[in-house]
Structure formats: C-alpha cells, structure tokens
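A.B. asks:
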Amino acid sequence: MAPTPLAETVTTTSHLSPAFPGRAPWGTAGKLRAWQQGAMDRYLEQQPRDFLAVATPGAGKTTFALTLASWLLHHHVVQQVTVVAPTEHLKKQWAEAAARVGIKLDPEYSAGPLGREYHGVAVTYAGVGVRPMLHRNRCEQRKTLVILDEIHHAGDSKSWGEACSEAFEPATRRLALTGTPFRSDTNPIPFVTYAEGGDGIRRSVADYTYGYGSALGDGVVRPVIFLSYSGNMRWRTKAGDEVAARLGEPMTKDAVSQAWRTALDPRGEWMPSVLRAADHRLTEVRKAIPDAGGLVIASDQDSARAYAKLLRQITGHGPTVVLSDDTGASQRIEDFGRSEDRWMVAVRMVSEGVDVPRLAVGVYATTISTPLFFAQAVGRFVRSRRRGETASVFLPTIPMLLGFAHEMEVERDHVLDKPKKAGDEDPYAPEADLLAEAERQQDEDTGEQDALPFEALESDAVFDRVMYDGAEFGMQAHPGSEEEQDYLGIPGLLEPDQVQMLLQKRQARQIAHSRRRPDEEADLLEVPAERRPVVTHKELLELRKQLNSLVGAYAHQSGKPHGVIHTELRRTCGGPPTAEATAGQLRQRVAKVREWATRMR
C-alpha cells in the first residue's frame, strides 16, 4: 500500500476530541501531539505488519493507538480491533476511551459471535492465555488489528507468550505499546524484533520511541523531584545480634535490605517523619494544584493499614486504602481519582492499573527493587494536565533506588542475552521473583518475612538530598528544620529549568548558613549532596576483593594463614566479619594490612 499523504492523516483524525484522553499539547487543541503525529507518519510511511511504540507513561499511548485504529478501520485495512491489556481495570479503561472516539469495544467478551454494534473486543493477557484458539479463529475470520498494551506483560510467563503468539499470528496488523520495555528476565516478548549488537547480546528494537526526557522537554509530562531521606536504623538479627547503621552509608547487600525494612517499619520514627514531610509537600503543591493527591506505595496489607493510621493522625482525615485482594479496589481508585481527597495508600497496585492524573506526591514505601516496578511506580505521578506541574517522590536513601532515580531519562531495551559473570551485582540482573511479586494481583503471604528474619528496633529520619535531572542538591537536615522546609516548600508550578535554578539557589543558601548550624545538629554531614556519594554494593565487592588480595599477599609474606590475618584485622580495627563490614571498615583494614606489610620489608 502506498503511503498516505499527511493531509489525509489529519483529516481522518480530526474527529478526535482535543481532550481525549488527556489534554492536547499547549496551544495545539484539535491536533495530535508531535510525537503521536510523528509515530503516525512513520507507521503510514512503512505500513508494517508489526509496530512497536515505546512511549513514557503519561505521554498518550492510548490516543496514538486509537487514532491509528480509526485510520485503519476507515481505510478498510482492518475490519475489527482486539485490545489486549494487563488487567481487568485497564481493559475497561480501553473500552471507555475507544467509545469516546467512535470505536466500540466489548470489554466483557468471553466467547461466541460478537454483537453487530461492536468494532472489536478488549481482553486481558490472562484471558488470551486461557483461550488462545478463540482469538486465533476471530483473527482468521476477519482482518484484525491487535493492540498489545504494555506488551512486556506477554513475557510474564511462558504460557502467556505462547498463547499470544498462537492467538495473534494470523492478525493483519499488530501494534505493540509499552512505557517500560525492559524486563528483569530474558523471556522473549512475542512480535518484538530483537537485534544482536556488537557485544553479541540481542536487544529489543522499537519502531518509534518517545522517552521521558523528550516528553519532559515538550511539557507532556511533569518533572520529577526526588526527595531522599536517610537516618539511623537499629535492628536485631536472627542470631540475636543488634546492628546499627545509617541509610546511605556503605553496607552489605543484606544489611541494606534489613536497614531498608527497618526504615519502613511503621512503629519507628522514619515513616512518620517522612509521611509528615510528604504531607507538608502536598500542602505546598495544592496551593497551585488544588486537587493534587498523594499516594503511598506499601509492600503489604498490614503496613498499608498502619501507614493509613499514621496519615489520619497527621492530617486528621482517613486516606483511601486500596488492597490488592479487595474486590472493590478498582472502584476505590476511580472514586479517589474523581475526589479531592489528599491521600491514597495502595499495596503494589501501581502498575499500569492506577491512572489518577491528579497524583502529584508519592512515597515509595516498599522494598520492591526492580527497575521495571520503580519506573511504573514513578509513572503514576508524571501525567501532566497543565504546563508547569511538578511531581515529588519521597524515598529512602538506598543506592539502588537513587540509581533508578538518576536514570529516569535513560532509554533501556529488553535484553534477551545477559552475560553470566561470577559475582555480577548488576541491579538489572535477572530478578524474576521480585518482578512476579511486583505485578502480582493477589496479596497472599509471600514468605518475605521468613526470608530475612530480623526485628526492627528503632529508626529516625534525616532529610538527605534532592535529586533532579541527574543532579543532587542539599545538605542533610533534621525533620522540621528550616533547611528541610526550604526544599519541601518548592512551588508546585515550575518549568523544568526553574526547578533546577531554584534547587541550586536553595543549596547555596543552605551551604552559606551551615556554619551557623546549632550544636544539636552538629552530627549531620556538612557536605553537599553531590560530594556525598552513596557507595553501591558493587563498590563493596571491589573493596572486599582488594582486601582479600592484600591478605593473600601478606599471608605469603608472613606465613600466617588467611583466617588468622582476618581475625587480627577484626581485633585491631573492630567491626564484623569481612562479608558484613562497611566500606569504611574495609578501607581501614586495607590500610592496616598495607601497614603491616610495609613493616616486614
């Protein structure tokens, strides 16, 4: 088929509402957003059977897909449409959105002939997995466009991927959509092209990509301000030992995990302090965005209820609580979206199913640590309704999370082949179990509490840093201090460059005032955030490797066994065994063993 002129494209999409399903770009009512028109142009030029569009959450993938569906139906390229969505909630959202542009989809379809009034159906990946031949027969009987929404879900299980391949192999056209194309596993995604790079690794290839950075520059999504909180944690291990550590300080992977869980314990002081700060931030944002809402992302039902109780004490109003096994969860989300209530607490239901554009402040109060889940969680806050809106996400000072926050604008493809290296601690390494938990609809007992047995004893919170556009700002400050309030009071309506300028000014003012810091605050680090690097577990591995290498050399020089040398280092320098030692303790031991080796020369 020959390419269709641009003029005809505009004509055939002119019936779309300027507000569907969200606002058009500023000053361009009645037109598609630039990226949507660009994707349309590329599709019409190529007329491919398969097309993968990667667009950041909140950019308007639904508008693009339904515009294309309308064009293909109008030009008789296809006769019907099948939309495949991750959840029942999203399936119904697609049907409602399609109806607003004259495409009628049946979201309740299960089997048999489709009513004459419908142009197609909206189903879930799970539904396709149950009856793939039903959908294959429908594709064989009539020319079909299949829209695979958030297609990375087709790789959630081998059976789902195989069912999608079987069901939609005969489809005339297939449009794959995703906002987060990367996965933590290597399950191939159906109908996605993979190309081998120079390193021999196959990666997914998108036909059109519209990332967060581009969307931010176009004013389509909000800039995200990450506010990170550190603090002192104390917990008791299974062996009965009491351990104390400060979030953000170098520690082992297990210690990071246990310190993280200690921070999120509602009985400590960290969560109440962070929730108070987040509510203060929400109050500031609501001065410019009166209906702005906040979302606390919890790991489990007990924590969610405890956080809701804390928010009631802080605000005087009970928040909306959404539990993942609650049959009314979708309705509660919709009711919250239409209200002007301040807070919602949800258990893991932050995948693509939560679509509340007024959400502007978030608290990441879960230990789920996959890049896919983090991106989906932050995606709940970036949908912009008017120019200048900002989003604020509060999180603990955990190296992995800070890394994800810094890489908001990094485009990542799905990788099929991952090198297996001993000791590889790449945060994007396979984490299929965590991914499955992140996207699980049921809130059954996951056994997580048995995996890392410990008892949280106490915690406190310290404002640590602000991250924005890859840069870090601020010096540590106590909750409620003037310095913390300075950052919490950033206006809710700002252009991206204004955010950067304001953060720079506030950090400069904080540094200028640091010498006048009261004695009771002298325990806080008097170093700007960008000069306080968070040591990653990979760096800890390098330090341990360096220490073991030096111990080996000293053992050869002194004739002492390795174990004896390690014991002497612990006795001299203090601290736990090497596997549990912090970066500071490891560096001290490296220096000590070098000193011993020098004396023997």
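So for the sequence shown, this note's numbering puts the first residue at 2; every next one is plus one.
Note that the Cβ used here is the ideal one computed from N, Cα and C, for glycine as well.
For residue 152, does the three-state DSSP call read helix, strand or coil?
C.D. replies: Looking at residue 152 - three-state DSSP - the assignment turns out to be helix.
A.B. asks: How would you label residue 320, buried or exposed, when you count the other beta carbons within 10 angstroms and need 16 or more for buried?
C.D. replies: That one is buried.
A.B. asks: Out of 113, 579, 552, 318, point me to the one whose CA is closest to residue 1's CA.
C.D. replies: Because the chain spans 2 through 602 in this model, residue 1 falls outside it and cannot be assessed.
A.B. asks: Assuming the contact rule is C-beta atoms closer than 8 Å, residue 123 and residue 108 should be a hit. Round their C-beta distance to whole Å, please.
C.D. replies: That pair is a contact at about 4 Å.
A.B. asks: Kindly identify the DSSP beta-bridge partner or partners of residue 456.
C.D. replies: BP columns for residue 456 point to 237.
A.B. asks: List the residues that DSSP assigns as beta-bridge partners of residue 473.
C.D. replies: Looking at the DSSP assignment, residue 473 forms a beta bridge with 468.
A.B. asks: Curious, which full-length beta strand (DSSP E) runs of at least 3 residues does the stretch 206-286 contain?
C.D. replies: Qualifying beta strand (DSSP E) stretches, in chain order: 209-211, 225-231, 233-238, 243-247.
A.B. asks: Quick check: residue 362 and residue 279, are their CB atoms within less than 7 Å of each other?
C.D. replies: Taking 7 Å as the Cβ cut-off, residue 362 and residue 279 qualify as a contacting pair.
A.B. asks: Considering only their Cβ atoms, is the gap separating residue 392 from residue 225 smaller than 7 Å?
C.D. replies: The answer is yes: Cβ separation under 7 Å.
A.B. asks: Helix, strand or coil for residue 81, going by three-state DSSP, please let me know.
C.D. replies: If DSSP states are grouped into helix, strand and coil, residue 81 belongs with the strands.
A.B. asks: Among the residues of its own chain, which have a CB less than 6 Å from the CB of residue 623, if the five just before and after it don't count?
C.D. replies: Nothing can be reported for residue 623: it is not among the residues displayed for the chain, which extend from 2 to 602.
A.B. asks: Between the alpha carbons of residue 201 and residue 194, how many angstroms are there, rounded?
C.D. replies: Taking the straight line from one Cα to the other gives about 15 Å.
A.B. asks: Please list the segments of the beta strand (DSSP E) lying wholly inside the stretch 529-575, counting only runs of 3 or more residues, in order along the chain.
C.D. replies: Here no run is fully enclosed.
A.B. asks: State buried or exposed for residue 477, treating a residue as buried only when at least 16 other CB atoms are found within 10 Å of its CB.
C.D. replies: Buried, because 16 or more other Cβ atoms sit within 10 Å of the Cβ of residue 477.
A.B. asks: In whole angstroms, what separates the C-alpha of residue 358 from that of residue 216?
C.D. replies: Going from the Cα of residue 358 to the Cα of residue 216 covers about 16 Å.
A.B. asks: Please list the terminal residues of the continuous beta strand (DSSP E) segment that includes residue 195.
C.D. replies: Looking at the DSSP string, the run of the beta strand (DSSP E) that includes residue 195 is 194-197.
A.B. asks: Relative to the C-alpha of residue 286, which residue among 493, 381, 297 is closest?
C.D. replies: Answer by Cα proximity: 493.
A.B. asks: Taking DSSP's pairing of strands, which residues face residue 397 in a bridge?
C.D. replies: DSSP lists 230 as partners of residue 397.
A.B. asks: Assess, as a yes-or-no matter, whether the stretch 225-242 is touched by the stretch 55-63 under the definition of 3 or more beta carbon pairs within less than 8 Å.
C.D. replies: They do not touch, by the three-pair rule.
A.B. asks: Find out if the Cβ-Cβ distance for the pair residue 603, residue 213 is shorter than 7 Å.
C.D. replies: The shown model of the chain, from 2 to 602, leaves out residue 603, and the question about it has no answer.
A.B. asks: Among residues of its own chain, excluding the 5 on either side of residue 1, which ones have a beta-carbon nearer than 6 Å to its beta-carbon?
C.D. replies: Since the first residue of the chain shown is 2 and the last is 602, residue 1 is not available in this structure.
A.B. asks: What's the C-alpha gap between residue 313 and residue 120?
C.D. replies: For residue 313 and residue 120, the distance between alpha carbons rounds to 47 Å.
A.B. asks: For residue 77, does the count of other Cβ atoms within 10 angstroms reach 16, so buried, or fall short, so exposed?
C.D. replies: With fewer than 16 other Cβ atoms within 10 Å, it is exposed.
A.B. asks: How would you label residue 485, buried or exposed, when you count the other beta carbons within 10 angstroms and need 16 or more for buried?
C.D. replies: Answer is buried; the Cβ neighbour count reaches 16.
A.B. asks: Cutting at 6 Å between CB atoms, please list the residues of its own chain near residue 52, excluding the five before and the five after it.
C.D. replies: Around residue 52: 44, 176, 208.
A.B. asks: Does the distance from the C-beta atom of residue 235 to that of residue 459 stay below 7 Å?
C.D. replies: Yes; because the gap between Cβ atoms is below 7 Å, this pair is in contact.
A.B. asks: Apart from the five residues just before and just after residue 529, which ones in its own chain have a Cβ nearer than 7 Å to its Cβ?
C.D. replies: For residue 529, where only same-chain residues beyond five positions count, the Cβ hits under 7 Å are 476, 508, 512.
A.B. asks: Excluding the 5 residues preceding and the 5 following residue 219 in the sequence, name in chain order all residues of the same chain whose CB lies nearer than 8 Å to its CB.
C.D. replies: Within the same chain, residue 219 has close Cβ partners 26, 34, 35, 36.
A.B. asks: Considering only residues of the stretch 50-107, which uninterrupted alpha helix (DSSP H) runs meet the minimum length of 4 residues and lie entirely inside it, listed in chain order?
C.D. replies: Within the stretch 50-107, the complete alpha helix (DSSP H) runs of at least 4 residues are 62-75, 89-100.
A.B. asks: Looking at the ligand NAP, does it come within less than 6 Å of residue 590, judged from the CB to the closest heavy atom?
C.D. replies: No copy of the ligand NAP occurs in the structure displayed, which carries no ligand at all.
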